[in-house]
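Everything on this sheet refers to the single structure shown next.
2 protein chains.
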Amino acid sequence: MRYSHKLSDAVHILAYIAICHDGDLSSTAIAASVESNPALVRRLMGALRRAGLLATQQGSATPKLARQPAAISLFDIYQAVEGTGNLLHVDDKTNPHCIVGGNIQDTLRAAYAEVQTAAEAQMKTITLARLIGDILTRERAKRGPAAD
Amino acid sequence: MRYSHKLSDAVHILAYIAICHDGDLSSTAIAASVESNPALVRRLMGALRRAGLLATQQGSATPKLARQPAAISLFDIYQAVEGTGNLLHVDDKTNPHCIVGGNIQDTLRAAYAEVQTAAEAQMKTITLARLIGDILTRERAKRGPAAD
DNA sequence: CATTCATGTAACGATAAAAGTAACATCAAA
DNA sequence: TTTGATGTTACTTTTATCGTTACATGAATG
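From first to last, the protein sequence lines are chains A and B.
Numbering of the first sequence is given in this note's numbering, commencing with residue 4 and proceeding in unit increments.
Numbering of the second sequence is given in this note's numbering, commencing with residue 4 and proceeding in unit increments.
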């Protein structure tokens, strides 16, 4: 399939709302920054709202973060938009009559769960505040490389 | 897209070769255990061979592990079949004229690299030997739950 | 040494998850 | 009340993965 950009786009949306809080925060304006379309932005914003990360109001282009950026981790966003989606995937169609085919699914599930836990632990250490700070730092470096 | 099962199938192939070393190790026999097809098995075996994990011989159904199972990690297999494929994917189509769209790609690449490193570190701790042992343990538990 | 069967590899079609698109109900604001 | 926003669903398009077929190359056996 196509690779999922939902996490990347969701971070983009939250960072945009935080950074451009005095500008146009309509789904159309955000979609222009993401280079996507308003429906996708609204879909992702819906997921973020249901996860308690974003406050929106139907009919009004005034989304706000529901928590401080420092209190929102990359893992929170990942869970919000990817649900229980896993990074690694077991092949659930193997021959149950074979010693290997009949047991490898559970074996891999356990192993993949360890990898997933490690990845999620790292995601929990990365806050939206850090990502926003990084974006602003990169922007400053671009605009005045010698001035800083 | 469809979720990739290459890592799962590659582990399956290596475990099958190690466990059923006295049986039929043709790509057709292995494909029956994976419930896939011989061409896919041969493709994955080719990747494992190029990565130095498997020794094969054209024309002869006699594949052998190129290293001890304890010296093959899940990460080795991951690298062999997924190449430099990443677990998380940056959206590389964002508006470069926006503060957010113009900087978030590099910001996310750095963050995702940390997550990738954490996941890979965990993969390095999981050996093929452990996976094989787990498969055999589960098989024993199935056959004689009361006897053990 | 020819037959048989194996691997190695490439090309092409099928499948399925994601993103794109369009439509419309609901709500806010002037 | 008119305009324009969000919220949501249904459908189409896209594309990475997997399945299938084909065939060149090599091993093994009589």
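The beta-carbon is built from N, C-alpha and C at its ideal position, and this holds for glycine as well.
Going by the beta-carbon positions, is the gap between alanine 132(B) and alanine 73(B) smaller than 8 Å?
Translated into positions along the second sequence, residue 132(B) becomes position 129. Translated into positions along the second sequence, residue 73(B) becomes position 70. Result yes, Cβ atoms of alanine 132(B) and alanine 73(B) sit closer than 8 Å.
Could you confirm whether any beta carbon from chain B is found closer than 8 Å to the beta carbon of lysine 67(A)?
Your numbering for residue 67(A) matches position 64 in the first sequence. Not an interface residue.
Quick one: grab the DSSP three-state call for glutamine 60(A).
Your numbering for residue 60(A) matches position 57 in the first sequence. For glutamine 60(A), the three-state secondary structure derived from DSSP is strand.
Listed by chain order, chain A residues near valine 37(B) by CB distance under 8 Å:
By one-based count along the second sequence, residue 37(B) stands at place 34. In chain order: Asp94, Thr97, Asn98, Gly104.
If you pair each beta-carbon of the region 102-109 of chain A with each one of the region 75-92 of chain A, do three or more pairs fall below 8 Å?
no
Contacts of arginine 141(B) in chain A (Cβ-Cβ under 7 Å):
Locating residue 141(B) in the second sequence gives position 138, counting from the first residue. Within chain A, the residues near arginine 141(B) are Asn106, Asp109, Thr110.
Local conformation of leucine 134(A) per DSSP, three classes:
Here residue 134(A) refers to the residue found at position 131 of the first sequence. DSSP places leucine 134(A) in helix when its eight states are reduced to three.
State buried or exposed for histidine 15(A), treating a residue as buried only when at least 16 other CB atoms are found within 10 Å of its CB.
Position 12 of the first sequence holds residue 15(A). With 16 or more other Cβ atoms within 10 Å, it is buried.
Is proline 148(B) helix, strand or coil when you go by DSSP?
Working through the second sequence from its first residue, we reach residue 148(B) at position 145. In this structure, proline 148(B) counts as coil in the three-state DSSP scheme.
Pairwise C-alpha distance: valine 84(B) and arginine 52(A)
Taking the first residue of the first sequence as position 1, residue 52(A) is located at position 49. Taking the first residue of the second sequence as position 1, residue 84(B) is located at position 81. Those two C-alpha atoms are separated by around 38 Å.
With a CB to CB cut of under 6 Å and the five nearest residues on each side skipped, what residues in its chain are close to arginine 45(B)?
Along the second sequence, one-based indexing puts residue 45(B) at 42. Hits under 6 Å: Ser30.
Glutamine 125(A): contacting residues in chain B (beta-carbon distance under 7 Å):
Translated into the one-based positions of the first sequence, residue 125(A) becomes position 122. Those within 7 Å of glutamine 125(A) in chain B are Glu117, Val118, Ala121.
Pick helix, strand or coil for proline 72(B), following the three-state DSSP scheme.
Here residue 72(B) is taken as the residue at index 69 of the second sequence, counted from 1. In the structure shown, proline 72(B) sits in a helix (DSSP, three-state: H, G or I).
Kindly indicate the opening and closing residues of the alpha helix (DSSP H) around alanine 54(A).
Within the first sequence, the letter at position 51 stands for residue 54(A). Premise fails: alanine 54(A) is in no alpha helix (DSSP H) and is neither H nor E.
Quick check: what's the CA-CA separation for alanine 18(A) versus leucine 134(A)?
By 1-based counting over the first sequence, the position of residue 18(A) is 15. By 1-based counting over the first sequence, the position of residue 134(A) is 131. Cα to Cα, the separation comes out at about 8 Å.
Please report whether the beta-carbon of alanine 73(B) lies at a distance below 8 Å from any beta-carbon of chain A.
Residue 73(B) sits at position 70 when you count from the first residue of the second sequence. No, alanine 73(B) lies away from the interface with chain A (no Cβ there is under 8 Å from its Cβ).
Nearest by alpha-carbon distance to serine 65(A): which of Ile33(A), Ser11(A), Leu91(A), Ala42(A) is it?
As a working mapping, residue 65(A) is identified with position 62 in the first sequence. In the sequence on display, residue 65(A) carries threonine and not serine. Considering only alpha carbons, the answer is Ile33(A).
Just to make sure I have the definition right: I need the residues of chain B whose C-beta is within less than 9 Å of the C-beta of isoleucine 2(A). Which are they?
What is shown of chain A runs 4 to 151, which leaves residue 2(A) out entirely.
According to DSSP, is proline 66(B) part of a helix, a strand, or is it coil?
Working through the second sequence from its first residue, we reach residue 66(B) at position 63. In the structure shown, proline 66(B) falls within a strand segment according to DSSP collapsed to helix, strand and coil.
I'd like to check one pair, glutamate 142(A) with glycine 104(B): are the Cβ atoms closer than 8 Å?
Along the second sequence, read from residue 1 onward, the residue named residue 104(B) stands at position 101. Along the first sequence, read from residue 1 onward, the residue named residue 142(A) stands at position 139. Not closer than 8 Å, so no.
My output table needs one value for aspartate 79(A): the three-state DSSP class, helix, strand or coil.
Within the first sequence, residue 79(A) is the residue found at index 76, counting from 1. In this structure, aspartate 79(A) counts as helix in the three-state DSSP scheme.
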